[in-house]
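Chains W and S are the protein sequences, given in the same order. Residue numbers for the first sequence follow my numbering, so the first one is -7 and each next one is one higher. Residue numbers for the second sequence follow my numbering, so the first one is -7 and each next one is one higher.
2 protein chains.
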Amino acid sequence: MNKQTTDVEEILQKKGVKPTAVRMNVLNFLLDQEKAVSLKDIESVLSRMDRSSIFRTLKSFEEHKLIHSIDDGTGMTKYAVCAEGCNCELEDLHYHFYCISCEKTFCLMDHPISTIELPKNFKMIHANMVIKGLCDKCNK
Amino acid sequence: MNKQTTDVEEILQKKGVKPTAVRMNVLNFLLDQEKAVSLKDIESVLSRMDRSSIFRTLKSFEEHKLIHSIDDGTGMTKYAVCAEGCNCELEDLHYHFYCISCEKTFCLMDHPISTIELPKNFKMIHANMVIKGLCDKCNK
DNA sequence: AGATCCTATGCAACTCAGTTGCAAAGTTTA
DNA sequence: TAAACTTTGCAACTGAGTTGCATAGGATCT
Ligand SMILES: [Mn+2]
Ligand SMILES: [Mn+2]
Ligand SMILES: [Zn+2]
Ligand SMILES: [Zn+2]
């Protein structure tokens, strides 16, 4: 735990999510990570809590723009806490990186998705951009 | 059918896949499409053929670089025939577009994935880039 | 041709992440 | 306190994808 209970409570309040035990635990865990995590990852750590409760918590967090989800192609959706000031709009989108060796999925916060030229009349609303390869620790 | 049986047979031969009935039918269907299709799409058209046979056919096609797969976030993998000369290498990667209105997934062949700046020592090997929004026909 | 071998196919069963219905527990409101 | 609403846990279900296995279909050898 790298955050005080009160911090987590505040964050939830601010985003309009009622701070319950499950929610505080899930958010606390998410804030601890340097990589994006799956429902299963959370489940195995917060083993006292039910899968569906964690699932619904994640859905709720996503709706309230507290976290964003990443489809990294592994078949398990990953979740990561949104950056300060993120509103989950086009300008907040960033690339994600999946390491095929250590199997970690990273948010590349410093790599925003620049405007992409599209065919005439196509309109971009959202995007899921995943680069796969080797992370710095696995690239020897 | 927009291709003669012999054409399809030739393509399979050239890519090192033995041309069987299932394979020729699947390839024929794939060549007909202007959008990427799912296993289910193929199944519902080639209803005489078994799902697992089509599934294994797609896997085989992918291994032999006849088609490439796209994870567009819908939960159903889409497949599209590779362009002439495609070797499924980095330089062959291109953006994909998923229309949230008509639910079609397109290959943006004219939009190759340019080299993306990555954090120090990260190495890109592959990528799945999906832009979501409205296609020209749905964007009114 | 007939026997043998290898591959492709169809069928059924299974996996597994995600999702939902429902009742019990907990919280807020009147 | 009682009623109303929300959250949680449990169990059952969904659906795409995947696999084992027996049969069918071709190719190859004698
Ligand atoms: Mn991210
Ligand atoms: Mn494509
Ligand atoms: Zn790694
Ligand atoms: Zn459309």
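Quick reminder that beta carbons are idealized off the backbone N, C-alpha and C, glycines included.
Who are the Cβ neighbours of residue i in its own chain at under 7 Å, not counting the five residues just before and after it?
i, result
"S:R133", "Not covered by the structure: residue 133 of chain S. The range shown for chain S is -7 to 132."
"W:M121", "Y87, H88, I105"
"W:K108", "The amino acid occupying residue 108 of chain W in the given sequence is Ile; Lys does not appear at that position. Taken in chain order, the residues that qualify are M116."
"S:C35", "One detail in the question is off: residue 35 of chain S reads as Glu in this sequence, not Cys. Result list for S:E35: R43, I46, in chain order."
Is the CB of residue i under 8 Å away from at least one CB in chain S?
i, result
"W:V122", "yes"
"W:I3", "no"
"W:N131", "yes"
"W:K115", "yes"
"W:C80", "no"
"W:D84", "no"
"W:M(-7)", "Model confidence at W:M(-7) stands at a pLDDT of 45, short of 50, so the residue's coordinates are unreliable and nothing is read from them."
"W:L23", "no"
"W:I108", "yes"
"W:G77", "no"
"W:L100", "yes"
Quick one, which of the options has its alpha-carbon nearest residue i's?
i, options, result
"S:N131", "W:C130, W:L110, W:R40, W:Y90", "W:L110"
"S:G65", "S:K51, S:E83, S:K112, S:K96", "S:K96"
"W:L126", "W:L82, W:N113, W:C91, W:N17", "W:C91"
"S:Y119", "W:D24, W:K124, W:H56", "As written in the sequence, residue 119 of chain S is Ala, which differs from the Tyr given in the question. Checking every option, the nearest Cα to that of S:A119 belongs to W:K124."
"S:E2", "S:D128, S:K27, S:L58, S:D24", "S:L58"
"W:L100", "S:A75, S:E26, S:F114, S:C80", "S:F114"
"S:V73", "S:Q25, S:D33, S:S93", "S:Q25"
"W:A28", "W:V0, W:S39, W:D63, W:C80", "W:D63"
"W:K51", "W:G77, W:V0, W:V18", "W:V18"
"W:L31", "W:A75, W:L23, W:P11, W:M68", "W:M68"
"S:L23", "S:D128, S:V0, S:K129", "S:V0"
Does any C-beta atom of chain W lie closer than 8 Å to the C-beta of residue i?
i, result
"S:C94", "no"
"S:F89", "yes"
"S:I62", "no"
"S:K112", "yes"
"S:A119", "yes"
"S:V127", "First, the amino acid is wrong: residue 127 of chain S is Cys here, not Val. So yes, S:C127 belongs to the interface."
"S:G65", "yes"
"S:H56", "no"
Ordered along the chain, which non-local residues of its own chain (more than five positions away) have a Cβ less than 6 Å from that of residue i?
i, result
"W:M41", "V14"
"W:K7", "H56, L58"
"S:G94", "Here residue 94 of chain S is Cys; the residue named in the question, Gly, does not match the sequence. For S:C94, where only same-chain residues beyond five positions count, the Cβ hits under 6 Å are C130."
"W:P11", "E1, L4"
Near residue i, which residues of its chain fall below 8 Å by C-beta distance, leaving aside the five closest residues on each side in sequence?
i, result
"W:E54", "H60, S61, Y71"
"W:V37", "F21"
Exercise. What residues come near ligand 2, if near means a beta carbon less than 6 Å from any of its heavy atoms?
Worked result: The filter returns S:H60, S:I62, S:A72, S:H86, S:H88, S:C99, in chain order.
Problem set entry | 4 or more residues per run - each alpha helix (DSSP H) lying fully within the region 63 to 128 of chain W | Runs of the alpha helix (DSSP H) inside the region 63 to 128 of chain W: none found.
Exercise. With distances taken from each beta carbon to the nearest heavy atom of ligand 3, which residues come in below 7 Å, in chain order?
Worked result: Chain-ordered list of matching residues: W:C91, W:S93, W:C94, W:K96, W:L126, W:C127, W:K129, W:C130.
Exercise. Which ranges does the alpha helix (DSSP H) cover as unbroken runs of at least 4 residues, wholly within the region 20 to 54 of chain W, from first to last along the chain?
Worked result: As summarised for the region 20 to 54 of chain W, the continuous alpha helix (DSSP H) elements at least 4 residues long and confined to that stretch are 31 to 37, given in chain order.
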